[in-house]
Amino acid sequence: MSTQLMLSLISGIFISSIAAYLGTLMLSKKMTIVAGPLAHLAFPGVALALVFGFNISIGVFPFVIVGAILIWYLEKKTKLPLENLSAIIFASGVGIGLLFLPIDKAEEALVGSIISITPVETFLVIVLSILVFFVTRHIYKKVILINIHEGLAKVEGINVDIYNLIYLLSIAIVVALSVYLVGALITAALIAIPPASAKNISNSFRSYKIWAVLFGVVSAVLGIVISRIFGLPTGPVVVLVGVMIFLFSIIFKKNSWKIEGSY
Amino acid sequence: MLLKVEKLNVVLDGNQIIKNLSFNTEKGEILTILGPNGSGKSVLVKTLLGLIPYDGEITWEEKIKVGYLPQGLSHLKMQESPLTVREFFDLKSPSPTLQDIKYFLNLVGLELSILSQVAGTLSGGQFQRMLLAWVLISHPNVIFLDEPTTGVDIAGGKTIYSLLYDIKKKEDITVFLITHDLNIVYKHSTNVLCLSRQGYTCFGEPKQILNKKKLEQIFGMEIKYYKH
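Which chain is which? The protein sequence lines are A and B, in order. Using the working numbering, read the first sequence as starting at 2 and increasing by one per residue. Using the working numbering, read the second sequence as starting at 6 and increasing by one per residue.
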């Protein structure tokens with residue numbers, strides 16, 4: 002196996018597992034919708050990087066993180082639904098991006114560049130993934146409680162604003178990492194699809210988390226390998242493998258726990 | 006005195022929801038907050054819990070521990086995630102011991118077999134009992150129950166209240182209860198605080214203050230009620 006493929010696989014495994022892990026939290030708050038718009042904020046970052054000739058990741062991170070803080074602040078200020086605010090952020094990202102982005106060079110931003118990832122970038126991916134994993138694990142239970150009922154969480158002594166901010170920042174980092182793997186257009190798929198498949202076949206939160214991470218990793222590894230063999234762009238193949246798993250999960254759907262409209 | 010509220014005013018989005026409200030609550034009371042939809046009952050509870058900004062004075066006795074059973078948290082909402090009952094208890098920090106969980110499930114009359122069940126699959130009545138156990142397990146001195154019968158059939162609803170009454174004898178708690186149910190008010194409340202949409206309020210013992218005239222002022226004209 003070539004070193005390049007090794008690097009791609011290692012980064013792919015780290016990015017997809019942390020994206021799926023964080024995604025399990027987002028699915029229950031219907032937050033996966035936020036990941037897409039955030040990923041599109043990568044566009045202006047990519048544009049700047051291409052125009053001025055520096056590494057794309059240096060362009061992407063600040064934009065996505067500032068975007069996350071902006072969404073957090075605007076939600077606090079305006080009380081508008083997150084979906085709504087994300088749409089605004091999304092439009093600004095793509096708008097600004099398209100003004101400057103040299104379209105002919107934009108492929109990396111659109112479909113991901115994991116197949117040409119460097120050792121330094123791989124190292125960064127690993128460090129950031131581990132960091133986000135521990136942060137997410139620390140806030141996990143509290144965020145679930147906030148998702149269930151904000152008032153209840155506050156009475157239980159949870160500082161909702163701080164936890165929401167940490168949560169959004171974690172999402173921002175994962176989104177920026179995912180831009181590497183699948184590109185800005187379909188980042189949400191990495192965060193949304195594995196948890197959705199896992200939810201179909203889980204009967205506890207524990208198994209839900211484990212299956213989500215497993216499905217994420219399988220999509221990434223299979224996606225990278227298949228795209229290499231057939232010379233296809235990596236991002237779309239990773240996403241399509243995820244979709245295939247999702248379709249299978251529907252067949253095996255347990256969901257005995259979901260009783261429609263019961264009272 | 007456990008709680009002293011003086012000249013409380015709450016304004017939300019430019020609407021005055023609570024106007025110049027004053028009342029006191031002693032330890033061990035069951036205070037029922039009564040009023041029609043939109044009279045500000047839930048807003049009052051949230052204000053007392055410190056979740057909403059206000060004008061006036063709210064003074065709690067020191068070192069109280071509060072439990073809250075919010076309105077609108079139903080087993081249906083919990084179907085969004087595959088959280089089991091055990092995992093739901095683990096969301097508390099610190100996580101309660103299995104022994105404690107068993108004790109409190111028993112106290113609210115639930116089988117231990119529900120621990121591995123997904124919370125969203127419980128029936129409405131089971132879910133409310135489970136929530137009550139979840140609230141009680143931290144040993145609060147004060148609990149707020151915002152319409153605990155929402156989504157529960159009548160038989161289930163009645164047992165939730167009698168359950169609450171039994172538990173109150175064992176655990177030294179003060180209960181703030183929001184309800185529409187006048188039967189509950191007569192049977193179990195120490196005091197009643199009534200709110201109306203027109204800003205009319207009253208406060209006192211249920212038998213003393215709840216007469217036909219006052220009920221009409223609270224709920225509007227077409228109220229049917231029977232004194233027990």
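Glycine included, each C-beta is placed from N, C-alpha and C at the ideal position. All values derive from a computational prediction rather than experimental measurement.
Check	Outcome
Please report how far the alpha carbon of F224 of chain B lies from the alpha carbon of L137 of chain B, in whole angstroms.	28 Å
Within 10 Å of its beta-carbon, does I251 of chain A have 16 or more other beta-carbons around it, so buried, or fewer, so exposed?	exposed
Can you check which of these residues, B:N42, B:P58, B:F93 and B:T206, is closest to W139 of chain B by C-alpha distance?	B:F93
Using only alpha-carbon positions, find the residue among B:S79, B:R91 and B:L8 that is nearest to I69 of chain B.	B:L8
Compare the Cα-Cα distances from K173 of chain B to each of B:V190, B:I148 and B:N188 and report the closest residue.	B:I148
Could you pull out every residue in the same chain whose Cβ sits closer than 6 Å to the Cβ of T89 of chain B, ignoring the five residues on either side in sequence?	S121 and V123
Is the beta carbon of G13 of chain A closer than 8 Å to that of I225 of chain A?	yes
If the cut-off is 7 Å on Cβ atoms, which residues from the segment 52-81 of chain B count as contacting chain A, listed in chain order?	L54, L56, V71, Y73, P75 and L78
Tell me which residue opens and which closes the alpha helix (DSSP H) that D162 of chain A is part of.	V161 to V183
Any C-beta of chain C sitting closer than 8 Å to the C-beta of D105 of chain B?	Of the protein chains in this structure, namely A and B, none is chain C.
Using only alpha-carbon positions, find the residue among A:L71, A:G158, A:I115 and A:A190 that is nearest to L23 of chain A.	A:A190
Can you confirm whether V156 of chain A, when its beta carbon is compared against all beta carbons of chain B, has any partner nearer than 8 Å?	yes
Give a yes or no on whether 8 Å exceeds the smallest Cβ distance from E84 of chain A to chain B.	no
Answer with buried or exposed for Q84 of chain B, where buried requires no fewer than 16 other C-beta atoms within 10 angstroms of its C-beta.	buried
Could you check the C-alpha separation between G152 of chain A and I183 of chain B for me, to the nearest Å?	16 Å
Let's see if you can read the secondary structure: which residues bound the alpha helix (DSSP H) around V240 of chain B?	The first residue shown for chain B is 6 and the last is 233, placing residue 240 of chain B beyond what the model contains.
Less than 8 Å between C-beta atoms, sequence neighbours within five positions excluded: which residues of the same chain meet that for L241 of chain A?	G224
Should the segment 166-184 of chain A be regarded as contacting the segment 123-139 of chain A, the criterion being three or more beta carbon pairs within less than 8 Å?	yes
Name the chain B residues whose beta carbon is nearer than 7 Å to that of N204 of chain A?	P87 and V123
Taking I145 of chain A as the query, report the chain B residues whose CB atoms sit under 8 Å from its CB, ordered along the chain.	S86, L88 and L96
State the start and end residues of the unbroken beta strand (DSSP E) segment that holds I22 of chain B.	N20 to T30
Starting from H1 of chain A, find everything on chain B with Cβ-Cβ shorter than 7 Å and list it in chain order.	In the structure as shown, chain A begins at 2 and stops at 264. Residue 1 of chain A is therefore absent and cannot be evaluated.
By the criterion of Cβ-Cβ separation under 8 Å, what are the contact partners of E92 of chain B in chain A?	S205, F206 and R207
Suppose the cutoff is 6 Å on Cβ atoms and the five residues either side in sequence are ignored; what does the same chain contact list for I44 of chain B look like?	It is Ser, not Ile, that sits at residue 44 of chain B in the sequence shown. For S44 of chain B, where only same-chain residues beyond five positions count, the Cβ hits under 6 Å are L200, S201 and R202.
Helix, strand or coil: how does DSSP classify V140 of chain B here?	helix
Kindly list, in the order they appear in chain B, the residues whose Cβ is closer than 8 Å to that of L1 of chain A.	Absent from the model: residue 1 of chain A. The displayed extent of chain A is 2 to 264, so no value can be given.
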